[in-house]
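Chemist: 11 is the number of the first residue of the sequence shown in our numbering; add one for each residue after it.
Take this structure, written in structure tokens, and hold onto it; I'll ask about it next.
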Amino acid sequence: MKKMKKATLTILAVAFVTSFAISQTIDDGIKYLYYERVNSAKETLQKVVAAKPNDALSIYWLGQAYLADKDIPGAKALYQKALTAGVNDPWIWVGTAHADLMDNGDINAAKQKFEQAITATKGKKGVENADILNAIGRANADGSSKQGDPGYGIEKLIRAQEINKTNPDISINLGICYLKMGTDKGGEAVEAFRDAIVRNPQYAQAYYRTGKIYQSQNNTEFMNEWYGKAIAADPAFAPVYLAYFDYYKDRDVNAAKEFLDKYVANADKDCTVDYFVADYLYRAGKYQESISKVKEMESGACKDFVRTSVLYAYDYDKMGDSVTAKSYIEKFFAAAPANKIEPTDYVFAGKLLAKFPGNEVQALSYLQKAVDADTVMAKKLEYMTIAAGMLSKAKKYNEQVDVLLKLISMKGKATARDYYDLSKASLDAKNCVLADSISKQYITAFPDLPQGYTFNVSANKMCDVDTSKGLAVIPVNNYIAFLSKDLTKNRKTIYNNYYFLLVYFAQYAKDLQKGIDICDSMIALYPDPTSEENKFPTDTKTTLQKALQKKAGTGNNANQAKPAPGGGKLN
């Protein structure tokens, strides 16, 4: 009996140690996910699941590793296999719903699974399980702004925060949910990330996430502050080095290389790391070396790495071979799943396709996809600006007008540059009515800038080709009033605009007295009687006075005044 007890205790001890080791290994897998070392996380968690194939929590986290690797089919298959094997557990329900959301599945069906998991895991006093609530929040924080319901996730995560006062991951997921709701929720996101810091001051991801917000706002000072805090909290947190590489790769290639080296030292040695090395070589202008690195990837374990085609396209484009570049980017889009395509890939494709006449529509569609895919408003606006410039270069002015109007709508308020570009595009499109409307708004918004006045004059001249309607008279007078604020600088331009008015009133409106008054204004600008600028209005005034006297003497049937020289056209 004593031996039996001893044997039983030994078995229990072994079981306890094994269970403890597995628990620790799950924690290791989660830690790898935190560091974004996805391959290590998958390898670790696969071993755990192999040892405990019916452990729901282990299966859940392995599925999370698959989702982190953008392997949605793998995650769905894993969770379905568990259900088929009888592991009908709340963790599997949450994982299944998460994978469905990433596969653009029915949000209501996913929520039903989430609610079932919440109900099934309540404690004896009806207290909800904070870990389950956090997992639901994580599911709705994941993916693009079109996937999941961040508002629903926020609700669950706030409840999780109230139950669990120490887990920083809850606050991280809360902050990401706020960001998914739009840039106007950036303040709430920062507060959530700061709460994560309060929960664990060494939680580098909280500092990193805050820095990412400031990077998206082009606030370099605050970006550096928070990225620096992330590195100080945990120098092994590789994502911050990658963020720095991404920031510097188009600004300072030497700084980019420094941060890339630190990223490589702390990240998994996988195809993604090899890709970033090849990408650096491209950024450094070492295009042939970059191509060689990609070929090396293709000859080994990374032969199926989908982004190699993108890098080939970038390199060949820089080497002046647009045709080969085009073939590679088309190959990439044909093979890559949507979640492997970055907004910048669409931008590159749009610029590349624009080099081939007749491809403007497809090029524009790529840029629109970039706008739809990116979550940072500043980037969306950048892509729209690129599209507008592309259409202008292709002389697709009506389409350019449409893009510029959409750009201003996205901004919410037009800048002086926006008014300038839209006024010019409207004129280029021969849409004088729109150009008149936009240039008037330009003047109202920026009355101290000259361009609004010049565009308004041009728009009305376009709408009145032969000058007979006099549509440009008021705009020209407004322009003269603006120019008169600096007579010394603008004397010649004012003179030329008076000339336009003189032609209209003398030749078309038949208002001879008005023509004489305009001549006086022109003479006042150049009082020197020996100057050519004085001679013309003086002679014209004499002609108009004679015509006016003749008209007064003979009645309304008098001969018409002699037209001013130049046919009404300004130099």
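Note that beta-carbon positions come from the ideal geometry of N, C-alpha and C, so glycine has one too.
Where does residue 370 land, buried or exposed, given buried means 16+ other C-beta within 10 angstroms?
Modeler: That one is buried.
Chemist: For residue 446 and residue 408, which I take to be in contact (beta-carbon distance under 8 angstroms), what is that distance rounded to the nearest angstrom?
Modeler: Not really, about 17 angstroms apart at Cβ, beyond 8 angstroms.
Chemist: Indicate the three-state DSSP secondary structure (helix, strand or coil) for residue 277 in the structure shown.
Modeler: Correct three-state label for residue 277: coil.
Chemist: Buried or exposed for residue 496, going by 16 or more other Cβ atoms inside 10 Å?
Modeler: Answer is exposed; the Cβ neighbour count stays below 16.
Chemist: My assumption, with CB atoms under 8 angstroms, is that residue 429 sits in contact with residue 462. Please give the rounded CB distance.
Modeler: With a Cβ gap of about 7 angstroms, residue 429 and residue 462 count as contacting.
Chemist: According to the neighbour-count rule (16 or more other Cβ atoms, all chains shown, within 10 Å of its Cβ), is residue 31 buried or exposed?
Modeler: Low confidence applies here, because residue 31 scores a pLDDT of 44, under 50, leaving its location unreliable; read the following figure in that light. Exposed: under 16 other Cβ atoms inside 10 Å.
Chemist: According to DSSP, simplified to helix, strand and coil, what is residue 294?
Modeler: Reduced to three states, the DSSP call for residue 294 is coil.
Chemist: Go through its chain and collect everything with a Cβ distance to residue 131's Cβ below 6 angstroms, but skip five positions before and after it.
Modeler: Excluding sequence neighbours, residue 131 sits near 100, 139, 142.
Chemist: Under 7 angstroms, do residue 480 and residue 505 count as touching if we go by C-beta distance?
Modeler: Cβ atoms of residue 480 and residue 505: not closer than 7 angstroms.
Chemist: Just verifying my parser: in three-state terms, what is the DSSP assignment at residue 561?
Modeler: Of the three classes helix, strand and coil, the one that applies to residue 561 here is helix, per DSSP.
Chemist: What distance in whole Å lies between the Cβ atoms of residue 503 and residue 493, which are believed to be in contact at a cut-off of 8 angstroms?
Modeler: So it is a contact: roughly 6 angstroms between Cβ atoms.
Chemist: Quick check: the Cα distance between residue 362 and residue 238, rounded to an integer number of angstroms?
Modeler: Roughly 37 angstroms separates the two Cα atoms.
Chemist: Name the residue from 404, 377, 307 whose alpha carbon lies nearest to the alpha carbon of residue 365.
Modeler: Of the listed residues, the one whose Cα sits closest to residue 365 is 404.
Chemist: Given that a residue counts as buried once 16 or more other Cβ atoms are within 10 Å of its Cβ, and exposed if not, what is residue 68?
Modeler: Buried: at least 16 other Cβ atoms inside 10 Å.
Chemist: Just to confirm my understanding: we take residue 40, look at its own chain, exclude 5 residues before and 5 after, and list those with CB closer than 8 angstroms. What are they?
Modeler: Cβ neighbours of residue 40 beyond the five flanking positions: 51, 71.
Chemist: Between 98, 96, 62, 112, which has its C-alpha nearest residue 86's C-alpha?
Modeler: Per the Cα distances, 112.
Chemist: Identify which residue in 484, 268, 277, 182 has its Cα closest to the Cα of residue 255.
Modeler: Taking only the C-alpha atoms, the option nearest residue 255 is 268.
Chemist: Measuring alpha carbon to alpha carbon, tell me which of 104, 350, 343, 161 ends up nearest residue 125.
Modeler: It is 104 whose Cα lies nearest to the Cα of residue 125.
Chemist: For residue 529, which of helix, strand or coil comes out of DSSP?
Modeler: Helix at residue 529.
Chemist: Go to residue 83, then tell me how far its alpha helix (DSSP H) extends in each direction, as first and last residue.
Modeler: Run containing residue 83: 82 to 94, per the alpha helix (DSSP H) assignment.
Chemist: For the alpha helix (DSSP H) containing residue 140, list its first residue and its last residue.
Modeler: 140 to 151 is the extent of the alpha helix (DSSP H) around residue 140.
Chemist: Comparing C-alpha positions only, which one of 435, 368, 535, 73 sits nearest to residue 501?
Modeler: It is 535 whose Cα lies nearest to the Cα of residue 501.
Chemist: Can you tell me whether DSSP reads residue 326 as helix, strand or coil?
Modeler: Residue 326 falls in the helix class under three-state DSSP.
Chemist: Quick check on the burial criterion: 16 or more other C-beta atoms within 10 angstroms. Buried or exposed for residue 260?
Modeler: That one is exposed.
Chemist: Which residues bound the alpha helix (DSSP H) around residue 112?
Modeler: First-last of the alpha helix (DSSP H) with residue 112: 100 to 112.
Chemist: Report buried or exposed for residue 150, applying the criterion of at least 16 other Cβ atoms within 10 angstroms of its Cβ.
Modeler: Its Cβ being crowded by 16 or more others within 10 Å, residue 150 is buried.
Chemist: Which residues in the same chain have their Cβ closer than 6 angstroms to the Cβ of residue 205, if we skip the five residues on either side of it in sequence?
Modeler: Excluding positions up to five away in sequence, the list reads 181.
Chemist: Provide the residue span of the alpha helix (DSSP H) that contains residue 247, from first to last.
Modeler: Looking at the DSSP string, residue 247 is not in any alpha helix (DSSP H), and its letter there is neither H nor E.
Chemist: Would you call the stretch 343 to 351 and the stretch 304 to 311 touching, i.e. three or more CB-CB distances under 8 angstroms?
Modeler: No, they do not touch.
Chemist: Going by the CB atoms, is the gap between residue 218 and residue 245 shorter than 7 angstroms?
Modeler: No, the Cβ-Cβ distance between residue 245 and residue 218 is not below 7 angstroms.
Chemist: What are the boundary residues of the alpha helix (DSSP H) that includes residue 209?
Modeler: Looking at the DSSP string, the run of the alpha helix (DSSP H) that includes residue 209 is 196 to 209.
Chemist: Note down the Cα distance separating residue 542 from residue 525, rounded to an integer number of angstroms.
Modeler: Straight-line Cα distance between these residues: approximately 19 angstroms.
Chemist: State the DSSP-derived secondary structure class of residue 352, mapped to helix, strand or coil.
Modeler: Coil at residue 352, not helix or strand.
Chemist: Would you mind giving the Cβ-Cβ distance between residue 61 and residue 97, rounded to the nearest angstrom? I have them listed as a contact below 8 angstroms.
Modeler: Incorrect: roughly 15 angstroms between the Cβ atoms, too far for contact.
Chemist: Taking Cβ positions, are residue 265 and residue 258 nearer each other than 7 angstroms?
Modeler: Yes, the pair counts as a contact, with Cβ atoms nearer than the cut-off.
Chemist: Between which two residues does the alpha helix (DSSP H) containing residue 336 stretch?
Modeler: 332 to 345 is the span of the alpha helix (DSSP H), which, as asked, contains residue 336.
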